[in-house]
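Please read the structure below before turning to the comments.
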Amino acid sequence: ALANAFGIRAERITTRAEVAPGIRSAREAAETVLLDFRVEQEDSVYPMVPAGASLHEMIRRPHNPLVETASDA
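Counting with this note's numbering, you get residues 2 to 74 for the letters of the sequence shown.
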């Protein structure tokens with residue numbers, strides 16, 4: 002609602018299935034688009050910046066060799 006008040010198109014992404022189409026739609030748009038991603042509190046979304054922290058305090062994904070791929074190297 003706030004984005005719309007300033008003439009900015011906004012979309013809320015609430016499921017994993019909506020992620021790719023939402024990003025594709027925003028990238029193809031001629032105007033500014035705000036994507037509001039809603040995630041479960043239990044989901045680990047990295048990188049993350051804790052509330053009130055600076056970008057220098059960003060938390061990155063923990064190192065886990067069991068889930069890494071060649072593209073992570």
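Ideal Cβ placement from N, Cα and C applies to all residues, glycine included.
Out of A54, L56, M49 and S55, which one is the CA nearest neighbour of P63?
M49
How many Å lie between V34 and N65 at the Cα?
The straight-line gap from Cα to Cα measures roughly 34 Å.
Could you name the residues of the same chain whose beta carbon sits closer than 7 Å to that of V46, not counting the 5 residues immediately before and after it, in chain order?
Excluding the 5 residues flanking it on each side, V46 has same chain C-beta neighbours closer than 7 Å at V40, in chain order.
Option in L36, A52 and I60 with minimal Cα separation from E19
L36
DSSP-derived helix/strand/coil call for A6
helix
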